[in-house]
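Engineer:
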Amino acid sequence: MTRRNQPLKIFYDGGCRPNPGRIEVAVVACGQTRFFDNLGEGSSSDAEWLALCLALEVAQSLAEPIFDLVGDSRSVVEQASGAAPCRSLSARHHRARYEAAAAAWPPRRLRWIPRQQNLAGIALTRRHNCAKRGDVTDT
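Per our numbering, the very first residue in the sequence shown carries number 2; after that it's consecutive.
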């Protein structure tokens, strides 16, 4: 367990520009932001699923026994947790990949939060704003 007996929170967000377009992901864990680029192209849904899977990989690599995965895509959180069906072939494929990766070491729970509270979403937005201004970011 992490400090104060709270599970570690891993924030994730995925996006693409344009939609569909180049996928990018941010994962925030233990106060550090990790950006993932060169993930190919896809839709915003594909980007959110990839973000969930990468957040799971980051959490597992930290060897924290209990963790929550926190994202702002309600549909992905509900589909991945089994609360909603995956209606598209793509979503079923993504969920199968996630379930296989989570089988040995799953999160305590998947949690939805609003975009403005998602640290990973905030990091992606900040990164884009800095890129527009020509700033260099090393978060």
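We treat Cβ as the ideally placed atom computed from N, Cα and C, and that holds for glycine. A quick note: this is a predicted structure, and the numbers were derived from the prediction, not measured.
Run through DSSP, which three-state label would I114 get?
Structural biologist: coil
Engineer: Grab the span of the beta strand (DSSP E) containing L70 for me, first residue to last.
Structural biologist: F68 to G72
Engineer: Please report the distance separating the alpha-carbon of N6 from that of R110.
Structural biologist: 15 angstroms
Engineer: Can you give me the Cβ contacts of H94 inside the same chain, cut-off strictly under 6 angstroms, excluding the 5 residues immediately before and after it?
Structural biologist: none
Engineer: Which same chain residues end up closer than 7 angstroms to T140 when comparing Cβ atoms and leaving out the 5 residues on each side of it in sequence?
Structural biologist: Any answer about T140 is weak, because its pLDDT of 45 lies below 50 and its placement is not dependable; what the coordinates show is given next. Excluding residues within five positions, the ones whose Cβ falls inside 7 angstroms are T34 and A124.
Engineer: Starting from E49, trace the alpha helix (DSSP H) in both directions and tell me its first and last residue.
Structural biologist: S45 to S62
Engineer: Could you check which residue in L63, P115 and C87 has the C-alpha nearest to that of S46?
Structural biologist: C87
Engineer: Helix, strand or coil for C31 per DSSP?
Structural biologist: Three-state DSSP puts C31 in coil, outside helix and strand.
Engineer: Once DSSP output is grouped into helix, strand and coil, what is the label at R23?
Structural biologist: strand
Engineer: Using only the alpha-carbon positions, how far apart do R128 and E42 sit?
Structural biologist: R128 and E42 have their alpha carbons spaced roughly 19 angstroms apart.
Engineer: By alpha-carbon positions, which one of P8, E79 and C31 ends up nearest to L96?
Structural biologist: A small fix is needed here, since residue 96 is Arg in this sequence, not Leu. Answer by Cα proximity: E79.
Engineer: Work out the CA separation of A48 and A132 for me, nearest whole Å.
Structural biologist: 20 angstroms
Engineer: Let's test the definition: count the other Cβ atoms within 10 Å of the Cβ of D1 and tell me whether it reaches 16, buried, or not, exposed.
Structural biologist: Absent from the model: residue 1. The displayed extent of the chain is 2 to 140, so no value can be given.
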